[in-house]
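Notes follow once the structure below has been shown.
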Amino acid sequence: MMCNYSALELQTMELEYLFSTFGAANPYVSLEFNGKTRKGSICVYSKLAEGQKVLLRGPNVNIVLRNTVKLIDEGDYILEYLPPLVLDFTFKNNYPGTGSKPIPLNFSLQSVWLPQSMLRHLVDELMMIGNENPGELILWQFIDFLQDRAIYEVLDSTEKTTSFLNLDLYKFYACNGASLELSLKQCMEILLLNNEDHLDFEFDIKLLDCPVCCETKLGSMFFRFPKCRHDICLRCVRQYFTGMLSDGLLLQKLACLQCGEEVGPAEVRAVLSSKDYATYEELQLKRGLSLMPDIANCPRPGCNAYVILDNPHLGRCPACELAFCPHCLRTYHGTINRCAMWEGPEPEVVDIEAERLRARVKKEEEASRDYLNKNCKNCPNCRASCEKVSGCNKMTCQFCHKHFCWICGELILDQINPYSHFSSGSCANLLWNNTEPGIDIPPIIW
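So the sequence shown is residues 904 to 1349, counted in the numbering used here.
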């Protein structure tokens, strides 16, 4: 039947079939092709059997997990996804040829975490599939192998009925360490971060019920509180936060609507608009200043400027130049005249511990601001502050779940294979920072 079509027509038919089967929303396979160079790449995630997961064992890493389950007793992690395999291919002029004169597909295989020895083994398996089907369109069968069988080759398992596949990185490195480009810790980070990213994607497309408004919405319309892990729709959280701002925010801080767990400035910034966040910062400043014993508000109506006191008995407003007494909030009366505050009952003794607490809070807030300025960068999508403690330069915002590059600060648009950002351009081969060895994993060409 294929003899009735030219090689170019057969190649076009194969690509059209693959593009129609694996659409843009497919979480397991993404396909790119350049018609001029006749080159393409297929990013394939392994598919575990239904109900099956990977039990990962390895060194401890400093990563804040949003989704991945950690078994406290054993110290193992439960993974649902492993990093993808990338199949780069080139159509030769006469591919696929005929049964008597087959033209094999020119391809290479890449992975961000697998050793070269394992990639060679997988390439051998793919070549066997090609040899068993001479003159046939082979890409579909390659994808089928990489998606459904490759993971069992990697983990040396044929069991599709067990609940867990074991991936012990210590043993894995003992067998394959010589051909691995990553350190044991780097490999652990890659596996955990990839699982986090894929579960974020899964969460975003899932339908959830908001416990506040009881409406059913996509997960991408929810806000996930990082400490308590409660999920509430973004509209309800935003309405609650803006309502708190309208009330002045002086008596209590912003918190989770379900459990009252306090949220930090980074979470607030991810929820509020730029205008409302500016109001939040202003109120936080006002709240902080109210705890400082050497700061007072000018008592003149319509002014209300912040004033640094000259001494405990005198304040001079820099805005309206009013000199006033910070105790009775009247015009400055000197130290001889009796302050109106002392008229009537004896004043309460000043709580020295409270003053010490205010001073400590001020010092801690200043230290927090300095730390954020030195160690954090803003997500280019939601502007939330993100800190890179360790690991690679592919960052994932814990609030909007978008990927971005720590080096250039740009949003990474390829959500299926975000590591492709580090294969070209100004960030090529800079997946790891300057304190760790650079990564440049060459493809295996056959």
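Quick reminder that beta carbons are idealized off the backbone N, C-alpha and C, glycines included.
- Look at Ser-1086 here: in three-state DSSP terms it is coil, with no helix or strand label.
- Sequence-distant Cβ neighbours of Asn-996 in its own chain, meaning closer than 7 Å and more than five residues away, are Ala-910.
- Within the same chain, Cβ atoms closer than 8 Å to the Cβ of Gln-1050 are found at Tyr-931, Val-932, Val-947, Tyr-948, Ser-949, Lys-950, the five residues on either side in sequence being excluded.
- A distance below 7 Å between beta-carbons, with the five flanking residues on each side excluded, links Tyr-1322 to the following residues of its chain, in chain order: Val-1015, Lys-1297, Leu-1334.
- If you check the CB distance, Pro-986 and Leu-1085 do not come in under 8 Å.
- When the five nearest sequence neighbours on each side are left out, the beta carbons in the same chain lying within less than 6 Å of the beta carbon of Leu-1068 are those of Val-957, Leu-1058, Ser-1060, in order along the chain.
- In this structure, Arg-1127 and Arg-969 form a Cβ contact; the two beta carbons are roughly 7 Å apart against a cut-off of 8 Å.
- Residues Cys-1201, Cys-1206, Ala-1208 of the same chain have their beta carbon placed closer than 8 Å to that of Ala-1222, with the five preceding and five following residues left out of the count.
- For Trp-1043, the three-state secondary structure derived from DSSP is helix.
- Rounded to the nearest whole angstrom, the CA to CA distance from Thr-993 to Phe-1045 is 14 Å.
- Residue state for Lys-1120 is assigned as strand, using DSSP reduced to three classes.
- Sequence-distant Cβ neighbours of Gln-1318 in its own chain, meaning closer than 7 Å and more than five residues away, are Phe-1104, His-1306.
- Taking each of Phe-1325, Thr-1234, Cys-1220 in turn and checking the Cα distance to Cys-1308, the smallest one comes out for Phe-1325.
- Annotation: Leu-1212 to Pro-1129 spans about 40 Å, alpha carbon to alpha carbon.
- Annotation: the continuous beta strand (DSSP E) that includes Leu-1070 extends over 1067-1071.
- Spanning the alpha carbons of Glu-919 and Cys-1295 requires a straight line of approximately 36 Å.
- Where Cys-1139 is concerned, the enclosing alpha helix (DSSP H) starts and stops at 1137-1149.
- In the three-state reduction of the DSSP assignment, Met-1195 falls in the coil class.
- The C-beta separation of Ser-1020 from Ser-1082 comes to about 4 Å, placing the pair in contact by the 8 Å criterion.
- Inclusion of Leu-1121 and Ile-1135 in the CB contact set at 8 Å is not warranted, their separation being larger than that value.
- Straight across, the Cα-Cα distance linking Phe-936 with Ser-944 is about 7 Å.
- For the pair His-1133 and Val-1166, the Cα-to-Cα distance works out to about 12 Å.
- A residue is called buried when at least 16 other Cβ atoms come within 10 angstroms of its Cβ; Asp-1100 meets this threshold and is buried.
- Distance check between Cys-1303 and each of Arg-1263, Leu-1188, Met-1124 places Met-1124 closest, using alpha-carbon atoms only.
- Cys-1279 sits away from Ser-1271, with the two beta carbons spaced by 8 Å or more.
- Here Arg-960 is bridged, per DSSP, to Asp-1071.
- Gln-914 sits in a helix when the DSSP states are folded into three classes.
- Judged by DSSP in its simplified three-state form, Lys-939 adopts coil rather than helix or strand.
- In terms of CA proximity to Pro-1196, Pro-1215 leads the group Asn-1332, Val-1026, Pro-1215.
- Sequence-distant partners of Pro-1005 (beyond 5 residues in either direction) whose C-beta falls short of 6 Å from its own C-beta, in its chain, are Pro-1037, Gly-1038.
- Taking Asp-1071 as the centre and dropping the five residues before and after it, the same chain places the C-beta of Arg-960 closer than 6 Å to its C-beta, in chain order.
- Rounded to the nearest whole angstrom, the CA to CA distance from Cys-1330 to Glu-917 is 33 Å.
- Looking at the backbone, the Cα of Ile-1054 and that of Gly-938 are separated by about 31 Å.
- In this structure Leu-1175 is not in contact with Arg-1138, their Cβ atoms being roughly 13 Å apart against a cut-off of 8 Å.
- Thr-1145 and Thr-1182 have their C-alpha atoms roughly 9 Å apart.
- In the structure shown, the three-state DSSP call for Gln-1013 is strand.
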